[in-house]
Structures are given as C-alpha cells and as structure tokens.
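K.L.:
Residue numbers (full-length UniProt numbering): 1 to 794.
I'd like to ask some things about the structure below.
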C-alpha cells in the first residue's frame with residue numbers, strides 16, 4: 001500500500017511527459033508541405049487557423065516571409081521530383097502490384113521497422129533544413145517596439161492571475177487546516193470518508209477560484225489588449241494555459257497532498273509527496289507554457305521552422321527531465337515494490353512484483369523513449385494516438401490504484417465489533433474477518449480486469465466494453481452478475497442464520513438453552529449449511545450454462561441406489577431424526593442406548609457418542625438402538641432395599657431409616673437435590689437371611705446416584721449406632737448328632753509353642769516356610785485316641 005502513491009505520481013508524470021509532445025502539434029500550425037499538401041481523403045490533416053492566416057496576410061513583412069517560405073518549399077519539392085526516375089518507379093510499382101501481398105506478422109514488423117527508421121531519418125533531415133534556413137535568416141523579423149508594447153500587458157495579466165491565485169490559497173489556508181484537523185480526528189474508516197469529502201470540497205473551491213480568475217482575466221485582457229488583435233490572442237493563449245496547468249497542478253496536489261497529512265488518502269510520507277509534487281509541477285509549468293504559449297508566439301514572429309525547432313527542444317528537455325527523475329527514483333520504487341512483494345500472500349503476485357522491481361525503470365525509460373521517437377518522426381498520425389492513449393492509460397491506472405487503495409482502507413482492516421455484539425454473537429467477528437479478505441481479493445481482481453480492459457480499449461487492441469454491449473456480452477455480464485448475487489445472497493443468509501442460532505445458544509441470566517435446543521440448533525445449522533451449498537452450486541452451474549436437469553436426475557438415481565445399497569445408513573439418519581424430534585437424547589444426558597450406558601458427548605444425525613464410567617468412548621449408530629433409557633428426564637429416584645436380620649424390629653429399622661433421611665436433608669449440598677420426602681413402602685421380601693425394606697427418594701435428574709451414596713453412608717452409621725444387624729453371608733460347620741437328636745461336641749485341643757530366640761530364628765532361616773506355624777498359639781481339633789469309633793465317646 002505504501003508504494004501506491006509513488007506509483008500513481010510516477011504514472012501521472014510519465015503520462016504527462018508522453019502526452020506533452022502532441023500539444024506541440026496542437027499548438028503549432030504546420031504549413032502545407034510536400035507530404036501534407038495532398039491528403040489522401042481530400043481533407044486537411046490539421047485544422048487551419050484562418051484568423052492567424054488573415055493577420056499574416058495583412059502584415060506586409062509577414063506576407064513577404066510567407067511567400068519566401070512557400071518558394072523554398074516549392075523548390076525542395078521540385079528537386080525531389082526531378083531526382084527520381086518516374087519510369088523506374090512505375091515499373092517497380094507494377095512489379096510490386098503483381099507480387100502477392102505478404103500479410104505475415106514478420107513481414108508487417110519488418111515493414112513497420114523500415115518505415116519507422118525512414119521517418120527518423122526524414123525527421124533529422126527536416127530539422128537540419130529548418131536550422132539551416134533559420135541561420136540563413138529565412139525567418140520573420142523581430143520588432144522590438146512591438147514586443148515591448150505587448151510585454152507589459154502580458155506581465156500585468158500574469159501578475160494579476162497568479163496574484164489572485166496565491167491570494168485565494170492564503171485565504172483558504174485556515175479552512176484547509178481545519179479540514180485537516182477534522183479528518184485526522186476520526187478512525188480509519190472515518191478518516192477515509194472525511195478526507196474524501198474534504199478533498200472534494202477543496203477541489204470544488206479550487207475550480208470556482210479558477211473560473212473566477214479566468215473571467216476576471218478575460219475582462220482585464222480586453223482592457224489591456226485594446227484594439228490590437230495580436231495582443232488579445234497572446235493573452236488568451238496565456239489564460240487558457242494558466243487554467244489548464246493550474247487545474248492539473250491542483251489535481252496533483254489533491255492526490256498527493258504534500259502539506260496536509262490528515263487529508264492524504266495514500267499512505268506515503270510527506271517527503272515523497274513533496275518530491276513528486278515539485279517534479280511534476282516543474283514539468284507541467286515548463287512544458288505546458290512552452291507548448292501552449294511560447295511556441296504559438298514564435299510561430300507568428302519567426303515562422304513555422306522556429307516553432308517546430310522550439311517544440312522539439314521542449315519535448316527533448318521534457319524527455320530528459322522524465323528519464324532523469326525515473327533513474328533517480330529507481331531505488332525508491334524498487335524497494336517499495338519489493339516490500340509489497342513480501343507482504344503478498346499469493347506466490348504469483350509476489351513473484352511478479354519482485355521481477356517488476358528489478359526491471360521497472362528499464363520498461364519506463366524504454367516506453368518514454370519510444371513515445372519520444374514516435375513523436376518526432378510521425379507527429380501527424382501516430383503521435384496523437386499514442387499521446388492520448390498514454391494519457392488515458394495513466395488516468396485509468398491512477399483511478400485503479402485509487403479505488404484499490406480506498407477498498408483496502410475500508411475492507412482491509414480487521415473488523416472489531418462492540419463488546420455487547422461480541423458477547424451476543426461471539427463468532428460473527430471471526431466470520432466477517434474470514435469473508436471480507438476474500439471479498440477484497442475479488443474486488444481487486446475485478447479492478448484489475450477493468451483496468452486491463454480499459455487500457456486495451458484505449459490502445460485499440462480490443463474493446464471489451466463494446467463487446468459487453470452485444471447480445472453475447474450482455475448474457476455474459478448478466479450471468480456474472482447473477483453468480484455474484486447468488487453467492488453474496490447465500491453468504492448473507494448464512495451469516496444471518498448462523499447469528500440467529502448463536503443468539504439462541506448464548507446463555508443469559510434469565511434464559512438457559514436446554515441440551516435439546518442446543519442439539520437441534522446444531523443439527524439445523526448443519527442442514528442449512530448443506531442446503532445452501534447445494535443450492536448455490538446448482539444455481540451457479542445453471543448460470544454458467546451447465547444443464548442441471550441431468551445432474552438432478554442423476555442425483556435422484558444416485559440417492560435411490562444409495563438408499564438400497566446403504567440401508568443401514570438411511571436407517572441411521574431416519575431414526576436419528578425421529579429421536580431428535582421426540583427429544584429422546586440430548587448432549588450431556590446419561591442414557592442407555594444399544595446396550596451401552598454413559599454420558600452423551602456428541603450427537604449427530606446418524607449416531608450418538610457416549611462415554612461410560614470407565615472412560616471408554618462408544619459410538620452407537622441409531623440403527624442399533626431399539627430402546628433409549630434416559631436418566632435425565634424430569635426427575636429421578638434413588639431406589640434401594642436395605643436388609644436387616646430376622647431378629648431385628650422392623651419398625652425400629654424404619655425409624656432409623658427416616659432419621660438417616662433427616663440427617664441427609666440437613667446436608668446443604670444434598671437438600672437442594674431432593675424433591676420430596678422419603679417414601680418407605682415397607683417390607684418387599686423375606687429373603688434367605690434378611691428382611692428387605694424398600695426406600696425411595698425423589699431427586700433432581702442426574703443426582704440420584706450422589707444422593708444414594710450419601711444416604712447409604714448415613715444408614716450404615718445409624719444402624720451401627722442402634723445395634724441393628726445388617727445380615728451378611730454365614731458359614732455353619734455341622735458335626736452331626738446322635739440317635740436321640742443331640743448334637744455332638746467337637747473335640748478341640750489347644751497347643752502352644754515356646755517362644756523362639758533370635759539364634760534359633762537365624763539357624764532356621766533356610767527351613768521351608770510351609771513347616772512354620774503361622775501363629776505361636778494355634779487351636780486345632782484333635783481326635784481322641786481312645787475313641788476308636790469316632791463318636792467322641794458317645
């Protein structure tokens with residue numbers, strides 16, 4: 001961006017220098033010569049100034065000089081005609097006419113090159129002849145008295161015009177200072193708008209001042225010139241040149257703004273702006289007044305030869321001035337282009353700018369030299385075209401750079417939303433910062449295409465704008481517009497829908513979106529995205545001329561084939577849709593689906609992702625889900641059965657169960673999770689070793705497990721404190737009974753081993769551990785030796 005101002009000023013200067021020489025031909029009226037005396041179409045190549053011709057004929061000295069010039073021209077034409085062999089020309093012409101015409105590119109280039117160098121030779125020879133005639137005194141007579149008589153009115157008019165112009169600048173300087181301060185106080189986008197409005201206002205004021213000076217100058221010129229028509233003509237030439245040149249300088253200052261940085265649209269330094277303003281201003285003043293004032297005056301005083309030589313000298317000086325400026329700024333422009341190449345993201349643009357940075361001065365100098373050579377060799381046909389095309393190309397390039405710079409300032413920066421917008425739409429800022437750079441690239445591409453098309457049109461290579469007016473071009477333009485409109489409408493619709501979904505998903509103080517709403521909105525967003533992409537693609541293909549009917553039919557057949565070939569996938573999708581519509585599963589719920597119990601972490605249109613208590617993540621397709629058990633709907637119950645021994649009192653146990661619930665309600669962490677008082681339906685089962693009592697506690701969904709764990713702890717504490725036995729598995733050893741039913745007694749023998757010393761322990765370290773007793777004192781059953789039958793003496 002920083003080199004845009006430099007490039008714009010450089011293009012303006014090159015275009016000015018290249019277009020300055022055509023002004024020579026506009027300001028200098030050539031007398032008829034042997035080449036231009038008989039135009040092919042019967043019309044004059046140059047407009048004839050009849051008033052100047054009448055004034056010349058009225059003046060005896062000017063009339064005598066004109067007659068002498070015509071005699072010399074006639075003599076030169078006669079010598080040229082006598083020196084040629086007309087018969088040979090006729091024979092050569094017949095032979096050339098009989099030869100087949102060669103229209104190849106190589107032959108045309110060779111012919112154009114030959115003609116170009118012949119024109120250079122003729123131009124050099126013509127300049128030499130003009131200088132020789134001037135040195136021989138073949139020119140008008142300079143009258144000092146008449147010159148002095150017209151000098152002081154011209155000086156008075158110059159002082160008046162520039163005095164009024166400088167006075168206007170001084171009067172409007174405080175206004176410009178205020179505009180500069182006003183434009184500098186705003187933000188980036190406000191600065192752009194304010195600076196543009198300020199420059200438009202300043203330009204309008206400048207145009208008004210120039211128009212006023214022009215009117216006042218013409219009125220004063222009538223009084224200063226009196227009845228002398230020559231003086232009036234010269235002063236009119238000066239006033240026209242003053243308005244044109246100062247208008248061009250004003251436009252240059254409005255573009256570069258060397259004095260007021262707050263009004264500067266391009267990001268260039270003040271030093272660079274002052275340099276280019278000074279260089280281009282000096283070129284404008286020198287070449288402009290020379291071509292528009294000095295050359296016409298010299299033509300009237302000294303004749304056509306003096307005017308042509310002076311115009312060529314001014315053109316040469318302008319050419320050298322331009323080349324010198326280009327070479328001096330070679331490093332500056334190169335560094336700016338290299339810096340721009342490093343900041344380009346695209347590889348093609350970066351490579352192009354890096355190559356252009358190395359050779360730009362060669363291309364610019366070569367182009368200026370070509371224009372200068374064409375200007376001095378073919379001023380009547382090629383030069384006006386090249387000059388006007390160069391000027392228009394400079395304006396088109398400057399306009400393209402200006403529009404691109406304005407768009408970069410408007411869309412190039414990062415979008416920053418206000419805090420409350422960022423809170424309500426957290427991803428809107430990210431989306432805008434993603435889409436706007438692409439929009440800027442597309443607009444820059446359109447600008448490049450428009451600039452290239454405009455340059456090709458002014459150089460008459462091809463006129464794309466004229467082609468756009470044809471039926472084919474109108475259809476193409478309509479298709480392009482429809483494509484951009486469809487894409488823009490789809491992006492706008494996506495931004496609106498995504499933003500509305502975000503608004504619904506944002507949790508506020510008085511509104512917390514449910515898990516079902518989050519899931520449905522996420523699914524809706526995916527469906528809308530797929531639908532928008534599909535519809536946009538179809539419409540774009542339709543605008544490009546692709547028949548989408550077969551595509552739609554093929555898509556239907558493909559969908560039917562997929563429906564038969566992927567029935568499970570279709571079943572997954574359809575089942576998932578109905579599960580979501582019935583609000584069976586939401587993200588964050590604890591469910592049992594497909595034989596897996598866990599917490600839902602991800603929910604799509606095809607499957608559900610759950611994580612169980614062990615941390616394992618399960619993906620369950622909806623086609624395998626027959627029953628969905630959701631533990632997070634409305635409320636839940638902690639249902640448990642507590643067993644007591646048969647000898648315990650049931651009422652006493654129920655009282656202690658209620659006391660444990662009272663302690664649970666006193667817990668501040670648990671009381672908010674319990675919805676209703678405890679329910680004890682009673683004894684549910686007389687089990688093998690316990691009496692089971694059922695307890696039910698109604699809780700908030702998802703909290704039944706935490707409440708159950710806390711209640712189990714309290715029940716154990718209360719039963720232990722009350723001595724209520726909670727049955728546990730028992731093992732009974734049976735030793736038999738006698739015939740009368742009396743159980744037999746077990747024969748037990750207590751044995752005791754003496755304590756071992758450390759020495760004995762050390763000696764027996766290697767003994768087998770299996771032979772050591774596990775206790776110093778062991779009790780074991782010993783059968784009585786006298787009890788032979790094993791009935792323990794009974």
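Backbone N, C-alpha and C define an ideal beta-carbon position, used for all residues, glycine too.
#1: What is the C-beta distance between residue 638 and residue 697, in whole angstroms, given that I count them as a contact (C-beta under 8 Å)?
#2: Quick check on residue 480: buried or exposed, where buried means 16 or more other Cβ atoms within 10 Å of its Cβ?
#3: Which two residues bound the contiguous alpha helix (DSSP H) that contains residue 694?
#4: Run through DSSP, which three-state label would residue 682 get?
#5: Using 8 Å as the threshold, is the C-beta distance between residue 493 and residue 532 below it?
#6: Relative to the alpha-carbon of residue 354, which residue among 483, 370, 362 and 337 has its alpha-carbon at the smallest distance?
#7: Once DSSP output is grouped into helix, strand and coil, what is the label at residue 173?
#8: Is the stretch 466 to 483 touching the stretch 537 to 557 in the sense that three or more CB pairs, one from each, lie closer than 8 Å?
#9: Is it right to say residue 370 is buried, meaning 16 or more other beta carbons lie within 10 angstroms of its own, or is it exposed?
#10: Could you pull out every residue in the same chain whose Cβ sits closer than 7 Å to the Cβ of residue 260, ignoring the five residues on either side in sequence?
#11: Within a Cβ cutoff of 6 Å, which residues of the same chain sit near residue 436, ignoring the five residues on either side of it in sequence?
#12: Applying the 10 Å Cβ sphere with the 16-neighbour rule, what's the burial state of residue 211?
#13: Less than 8 Å between the beta carbons of residue 620 and residue 594, yes or no?
#14: Assuming residue 702 and residue 632 are in contact, meaning their beta carbons sit under 8 Å apart, how far apart are those beta carbons, in whole angstroms?
#15: Across the stretch 249 to 265 and the stretch 274 to 283, are there enough close Cβ pairs to call them in contact, namely three or more that are closer than 8 Å?
#16: Compute the distance between the beta-carbons of residue 585 and residue 628, then report whether it is under 8 Å.
#17: Between which two residues does the alpha helix (DSSP H) holding residue 431 run?
#18: Between residue 589 and residue 596, which are expected to be in contact by the criterion C-beta below 8 Å, what is the C-beta distance as a whole number of angstroms?
#19: Whole angstroms are fine: how far does the CA of residue 455 sit from the CA of residue 314?
#20: Unbroken beta strand (DSSP E) runs of length 3 or more, entirely within the UniProt domain "Mechanosensitive ion channel MscS" (569 to 631): which are they?
#21: Could you check if residue 718 is buried or exposed, using at least 16 other CB atoms within 10 Å of its CB as the buried criterion?
#22: Please classify residue 305 as buried or exposed, where buried requires at least 16 neighbouring CB atoms within 10 angstroms.
#23: Please report the residue range of the alpha helix (DSSP H) in which residue 648 lies.
#24: CA-CA distance, residue 634 and residue 571?
#25: Report the residue from 470, 323, 293 and 744 whose alpha carbon sits nearest the alpha carbon of residue 311.
#26: Can the beta-carbon of residue 744 be found closer than 8 Å to that of residue 738?
#27: Is it the case that the Cβ atoms of residue 660 and residue 711 are separated by a distance below 8 Å?
#28: Among 449, 468, 535 and 548, whose alpha-carbon lies nearest the alpha-carbon of residue 795?
#29: What residue range does the alpha helix (DSSP H) around residue 687 cover?
#30: Roughly how many whole angstroms lie between the Cα atoms of residue 608 and residue 521?
#31: Going by other Cβ atoms of all chains shown within 10 Å of its Cβ, with 16 needed for buried, is residue 465 buried or exposed?
#32: Considering only the alpha carbon of each residue, which of 171, 367 and 299 lies closest to residue 393?
#33: Could you check the C-alpha separation between residue 252 and residue 550 for me, to the nearest Å?
#34: Just to confirm before moving on: does the CB-CB distance between residue 287 and residue 295 stay below 8 Å?
#35: In whole angstroms, what is the alpha-carbon distance linking residue 576 and residue 605?
#36: In chain order, what residues of the same chain have a beta carbon less than 8 Å from the beta carbon of residue 403, not counting five sequence neighbours either side?
P.N.:
If we stick to the structure as given:
#1: Reading the chain shown from its first residue, position 638 is the one you call residue 638. Reading the chain shown from its first residue, position 697 is the one you call residue 697. Indeed, because the Cβ distance is near 4 Å, the residues count as touching under 8 Å.
#2: Against the chain shown, residue 480 aligns to sequence position 480. When all chains shown are included, residue 480 counts as exposed.
#3: Along the chain shown, read from residue 1 onward, the residue named residue 694 stands at position 694. Looking at the DSSP string, residue 694 is not in any alpha helix (DSSP H); the run it does join, the beta strand (DSSP E), is 691 to 699.
#4: Walking along the chain shown from the start, residue 682 turns up at place 682. Strand at residue 682.
#5: Against the chain shown, residue 493 aligns to sequence position 493. Against the chain shown, residue 532 aligns to sequence position 532. Yes, the pair counts as a contact, with Cβ atoms nearer than the cut-off.
#6: Position 354 of the chain shown holds residue 354. The candidate whose alpha carbon is nearest that of residue 354 is 337.
#7: Counting from one through the chain shown, the residue named residue 173 turns up at place 173. In the structure shown, the three-state DSSP call for residue 173 is helix.
#8: yes
#9: Counted from its first residue, the chain shown places residue 370 at position 370. Under this definition residue 370 is an exposed residue.
#10: To locate residue 260, count along the chain shown from 1; it is residue 260. The beta carbon of residue 260 sits closer than 7 Å to the beta carbons of 176 and 180 from its chain, once the five residues preceding and following it are set aside; these are given in chain order.
#11: Reading the chain shown from its first residue, position 436 is the one you call residue 436. Taken in chain order, the residues that qualify are 411.
#12: For the purposes of this step, residue 211 is taken as residue 211 along the chain shown, with counting starting at 1. Residue 211 comes out exposed.
#13: Position 620 of the chain shown, counted from the start, is the residue given in the question as residue 620. Position 594 of the chain shown, counted from the start, is the residue given in the question as residue 594. Against a cut-off of 8 Å, the Cβ pair of residue 594 and residue 620 comes out as a contact.
#14: Here residue 702 refers to the residue found at position 702 of the chain shown. Here residue 632 refers to the residue found at position 632 of the chain shown. About 5 Å separates the two Cβ atoms, so the contact holds.
#15: In short, these stretches touch, since the Cβ pair count reaches three.
#16: To locate residue 585, count along the chain shown from 1; it is residue 585. To locate residue 628, count along the chain shown from 1; it is residue 628. The answer is yes: Cβ separation under 8 Å.
#17: Within the chain shown, numbered from 1, the residue matching residue 431 stands at position 431. Element bounds for residue 431: 428 to 458.
#18: Here the question's residue 589 lines up with position 589 in the chain shown. Here the question's residue 596 lines up with position 596 in the chain shown. Wrong, their Cβ atoms sit about 13 Å apart, outside the cutoff.
#19: On the chain shown, position 314 is the one that residue 314 refers to. On the chain shown, position 455 is the one that residue 455 refers to. Cα to Cα, the separation comes out at about 28 Å.
#20: 590 to 593, 596 to 603, 607 to 611, 617 to 621 and 628 to 630
#21: Sequence index remark: in the chain shown, residue 718 carries index 718 (1-based). Under this definition residue 718 is a buried residue.
#22: The residue given as residue 305 occupies position 305 in the chain shown. So residue 305 ends up on the buried side.
#23: Translated into positions along the chain shown, residue 648 becomes position 648. Neither: residue 648 is in no alpha helix (DSSP H) and is coded neither H nor E.
#24: For the purposes of this step, residue 634 is taken as residue 634 along the chain shown, with counting starting at 1. For the purposes of this step, residue 571 is taken as residue 571 along the chain shown, with counting starting at 1. In a straight line, the C-alpha of residue 634 is about 29 Å away from that of residue 571.
#25: Here residue 311 refers to the residue found at position 311 of the chain shown. Per the Cα distances, 293.
#26: Position 744 of the chain shown, counting from 1, holds the residue named residue 744. Position 738 of the chain shown, counting from 1, holds the residue named residue 738. Taking 8 Å as the Cβ cut-off, residue 744 and residue 738 qualify as a contacting pair.
#27: Residue 660 sits at position 660 when you count from the first residue of the chain shown. Residue 711 sits at position 711 when you count from the first residue of the chain shown. Against a cut-off of 8 Å, the Cβ pair of residue 711 and residue 660 comes out as a contact.
#28: Absent from the model: residue 795. The displayed extent of the chain is 1 to 794, so no value can be given.
#29: For the purposes of this step, residue 687 is taken as the residue at position 687 of the chain shown. From DSSP, residue 687 is part of no alpha helix (DSSP H); its letter is neither H nor E.
#30: Position 608 of the chain shown, counted from the start, is the residue given in the question as residue 608. Position 521 of the chain shown, counted from the start, is the residue given in the question as residue 521. Approximately 16 Å between the Cα atoms of the pair.
#31: Here residue 465 refers to the residue found at position 465 when the chain shown is read from its first residue. Exposed, because fewer than 16 other Cβ atoms sit within 10 Å of the Cβ of residue 465.
#32: Sequence index remark: in the chain shown, residue 393 carries index 393 (1-based). For residue 393, the nearest C-alpha among the options comes from 367.
#33: Working through the chain shown from its first residue, we reach residue 252 at position 252. Working through the chain shown from its first residue, we reach residue 550 at position 550. Cα to Cα, the separation comes out at about 58 Å.
#34: Sequence index remark: in the chain shown, residue 287 carries index 287 (1-based). Sequence index remark: in the chain shown, residue 295 carries index 295 (1-based). Cβ distance not < 8 Å, so residue 287 and residue 295 don't count as in contact.
#35: Position 576 of the chain shown, counting from 1, holds the residue named residue 576. Position 605 of the chain shown, counting from 1, holds the residue named residue 605. Using only the alpha carbons, I get a separation of about 5 Å.
#36: The residue given as residue 403 occupies position 403 in the chain shown. The beta carbon of residue 403 is closer than 8 Å to those of 447 in its chain, skipping five residues each way along the sequence.
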